[in-house]
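Colleague: Protein chains in written order, with our numbering: chain C, 17 to 353; chain E, 4 to 349. Take this structure, written in structure tokens, and hold onto it; I'll ask about it next.
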């Protein structure tokens, strides 16, 4: 299980550039599904037939894209200017990125010896940063990189602490992993597994996918903010790491269906799967757009708590991941509401 | 072992000042392949010696093995590790991977609050190091078995190769200088030189060159050659305080460096057509040359530096050609020092 997560998180797929991660997921799920379709947006939609006579249509969604950078300009001195997708400018300095899947670059900052003390209290604005790829001129840089190339962080997947892992892009490769594991079994209802593109730029992949699938219910599976860390008050902990999958009632993008929420909670209780309710209303996810498809779709959101999402390195408890898989599987095994 | 191989091997090793034991022992093994004699002293200075002829000039090279880092100051009730750093820009810390060197090595990450939880305008203010914490994924009870207050912390940042020449990683300040010494050992084997040459991979430079101080005292050289890094040109740095990457080593000029020997070094570069740049340093050079110069009754020193961008970060960046050119220049310079020391007199 952890091996799969390593492959998923170490493959790049910044919003708008999901080719590589889509190929990987496609390969992973092909043996387990009846049919695979890639739509005009680039969403990967897999169909798995239900075992019961009049199955319902369940859409399971996890987004494939991750936060990252895109090259916007090549300077005369060979440095690259960039735009960001979903990243706080304060996590960028002194980090490494891989551009276009082949060229390493670093986001540098002049040495501390060359700074005034007051400079270190001020943030360097992202528009004043640059990526250094070791090129000494525009011509040299242009041989390696072109405008519009995407760049992703280079973080290695590793185990950390006791039973935790650290990696980039756990938002939402954790959800992709849950979805892939879920597809290894059959369920009473028809499953439409959507590995969506472009969640991070405004839930755009799930918009067309949910229209196409037109499901009876939709479940978004996320790697969500886990803020049980210093600097956050306890009542502001959106989720806590290590105490089970988080079920959302409401967030910035969606209201969960009461029936789905209680079915998920009942499933967790009857199967002795630990769970938590997501406590804050921050963050949004694909459920927000799935529920608006056609004449409206009842949705739910189940998330693996992940600390430090949208930064180069995030952390997750493997137990939470396994329990999320269990919860989704048990929920589906029961048959739809 | 070539420069890339050496730096790939040692750059990601931990060696904060005072804790160089491991990196020193690995460096000593590499020195043994190229030197007549190698020892590691009580401060973890690695001293390699090569000599053609006893009685000629005694030359000491120094490049430091230690690196900047951080230290554990507290472990909170939830197991988050508070820390302090010296010589590090706090703005590079959020989202960084680190290793805490306790009774066991513990991997950690310096957490960054996701944008979703921030108040408007929050991302325009730098986070104070006091408000940061290292997350090891462990509880306090688990953690206190492994680490304690005062344990050193280093970055985790393996070397990357950006193209044929350019590399980036942590602690290239000044393990690139040690790489210069290794290349210089090989160059010297091809040359006819007199005297004894001591290659010292020094410890505790970042604390004030304590390693260089004791090793210079012990060796009592006739000439000191410090090899360090100097600021490489970047768009955000003042041009007058930087050298250009890939245009050859920088030769230090100023009161810390012996004027006649420095001129001799420049003449050597010119004679053999080796690119070099001038690095004018008005006072304290911030290198091992600073203590070598005033060891015992004084040691004439020169300073050769590798231009390096983003010093004291996890992405220190340099051009390998500069390392090779520096090594060749230094070896030719050593070979030019004749047995009679008339080249030393004012």
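Virtual Cβ for every residue (Gly too), placed ideally from N, Cα, C. Here the structure is a predicted model, which is why all the values come from computation and not from measurement.
Starting from residue 208/C, follow its DSSP beta bridges and name the residues at the other end.
Modeller: 63/C and 75/C, per the DSSP bridge assignment.
Colleague: Per the contact definition of three or more C-beta pairs closer than 8 Å, is the region 263–273 of chain E in contact with the region 329–336 of chain E?
Modeller: They touch, by the three-pair rule.
Colleague: Return no unless some Cβ of chain E is closer than 7 Å to the Cβ of residue 127/C.
Modeller: Yes, its Cβ sits closer than 7 Å to a Cβ of chain E.
Colleague: I'd like to check one pair, residue 81/C with residue 213/C: are the Cβ atoms closer than 7 Å?
Modeller: Yes; because the gap between Cβ atoms is below 7 Å, this pair is in contact.
Colleague: For residue 167/C, which residues from the same chain have a beta carbon less than 8 Å from its beta carbon, with the 5 sequence-adjacent residues on both sides left out?
Modeller: Excluding residues within five positions, the ones whose Cβ falls inside 8 Å are 30, 84, 85, 86, 87, 98, 113, 114, 115, 116, 121 and 147.
Colleague: Could you give the uninterrupted runs of the alpha helix (DSSP H) lying entirely in the region 244–332 of chain C, keeping only those of 4 residues or more?
Modeller: Fully enclosed alpha helix (DSSP H) runs of 4 or longer: 274–286 and 303–306.
Colleague: How many angstroms separate the CA atom of residue 319/E from the CA atom of residue 177/E?
Modeller: Near 10 Å, if we compare the C-alpha coordinates of residue 177/E and residue 319/E.
Colleague: Bridge partners of residue 87/E, per DSSP?
Modeller: In DSSP, residue 87/E forms a bridge with 74/E.
Colleague: Residue range of the beta strand (DSSP E) that residue 112/C falls in?
Modeller: Its beta strand (DSSP E) spans residues 111–115.
Colleague: Quick check: is the beta carbon of residue 88/C nearer than 7 Å to any beta carbon in chain E?
Modeller: No - not a single Cβ of chain E is within 7 Å of the one on residue 88/C.
Colleague: Please compile the residues from chain E whose C-beta is within a distance smaller than 8 Å of the C-beta of residue 174/C.
Modeller: In chain order: 110.
Colleague: Is residue 212/E helix, strand or coil by DSSP?
Modeller: Reduced to three states, the DSSP call for residue 212/E is coil.
Colleague: Could you tell me which of 36/E, 222/E, 93/E and 165/E sits nearest to residue 44/E, measuring between CA atoms?
Modeller: Nearest C-alpha to residue 44/E: 222/E.
Colleague: So, is residue 349/E buried or exposed, given that buried needs 16 or more other C-beta atoms within 10 angstroms?
Modeller: So residue 349/E ends up on the exposed side.
Colleague: For residue 83/E, return the contacting residues in chain C, with the cut-off set at a CB-CB distance below 8 Å.
Modeller: Those within 8 Å of residue 83/E in chain C are 245 and 246.
Colleague: Just the chain E side, please: which residues come within less than 9 Å of residue 326/C by C-beta, in chain order?
Modeller: Simply 115, 117, 118 and 119.
Colleague: Figure out for me which residue from 230/E, 160/E, 131/E and 307/E has the closest Cα to the Cα of residue 111/E.
Modeller: If we check each option's Cα against that of residue 111/E, 160/E comes out closest.
Colleague: Only counting runs of 4 or more residues, tell me where the alpha helix (DSSP H) segments fall wholly within the region 290–349 of chain E, in order along the chain.
Modeller: With a minimum length of 4 residues, the continuous alpha helix (DSSP H) runs that stay inside the region 290–349 of chain E are 292–295 and 323–339.
Colleague: What are the uninterrupted segments assigned as alpha helix (DSSP H) that are 4 or more residues long and contained completely in the region 149–205 of chain E, given in chain order?
Modeller: Here the runs fully enclosed are 175–192.
Colleague: Residue 244/E CB to nearest chain C CB: under 7 Å?
Modeller: Output row for residue 244/E: interface = yes.
Colleague: If we count the other Cβ atoms within 10 Å of its Cβ and call it buried at 16 or more, is residue 287/E buried or exposed?
Modeller: Label assigned to residue 287/E: exposed.
Colleague: In this structure, how does DSSP classify residue 57/E when only helix, strand and coil are distinguished?
Modeller: Three-state result, residue 57/E: coil.
Colleague: Quick one: grab the DSSP three-state call for residue 153/C.
Modeller: In the structure shown, residue 153/C sits in coil (DSSP, three-state: anything other than H, G, I, E or B).
Colleague: If we cut at 7 Å on Cβ distances, does residue 339/C have a partner in chain E?
Modeller: Chain E contact via Cβ: absent.
Colleague: Am I right that residue 136/C and residue 94/E are in contact with their C-beta atoms under 8 Å? What's the rounded C-beta distance?
Modeller: That pair is a contact at about 6 Å.
Colleague: Which partner residues does residue 85/C have in the DSSP bridge list?
Modeller: DSSP lists 100/C and 167/C as partners of residue 85/C.
Colleague: Tell me, please, whether the CB atom of residue 271/E is closer than 7 Å to any CB atom in chain C?
Modeller: Not an interface residue.
Colleague: Which residues in chain C sit within 9 Å of residue 315/E, going by Cβ to Cβ distance?
Modeller: The answer, in chain order, is 127, 128 and 129.
Colleague: Decide if residue 57/E is buried, meaning its Cβ has at least 16 other Cβ atoms within 10 Å, or exposed.
Modeller: Under this definition residue 57/E is an exposed residue.
Colleague: Evaluate contact between the region 273–286 of chain C and the region 197–204 of chain C, counting only Cβ atoms and requiring at least three cross-stretch pairs below 8 Å.
Modeller: These segments do not touch.
Colleague: Measure the C-alpha to C-alpha separation of residue 316/C and residue 272/C and round it to an integer number of angstroms.
Modeller: Whole-angstrom Cα-Cα distance: 5 Å.
Colleague: So, helix, strand or coil for residue 129/E, using DSSP?
Modeller: Correct three-state label for residue 129/E: coil.
Colleague: Between the Cα of residue 202/E and those of 105/E, 265/E and 229/E, spot the shortest distance and give me the residue it belongs to.
Modeller: For residue 202/E, the nearest C-alpha among the options comes from 229/E.
Colleague: Going by other Cβ atoms of all chains shown within 10 Å of its Cβ, with 16 needed for buried, is residue 71/E buried or exposed?
Modeller: Label assigned to residue 71/E: buried.
Colleague: When the cut-off is 7 Å and only beta carbons count, does residue 126/E lie next to chain D?
Modeller: The structure shown contains no chain D; its protein chains are C and E.
Colleague: Mind checking residue 300/E: buried by the 16 CB within 10 Å criterion, or exposed?
Modeller: Classification for residue 300/E: exposed.
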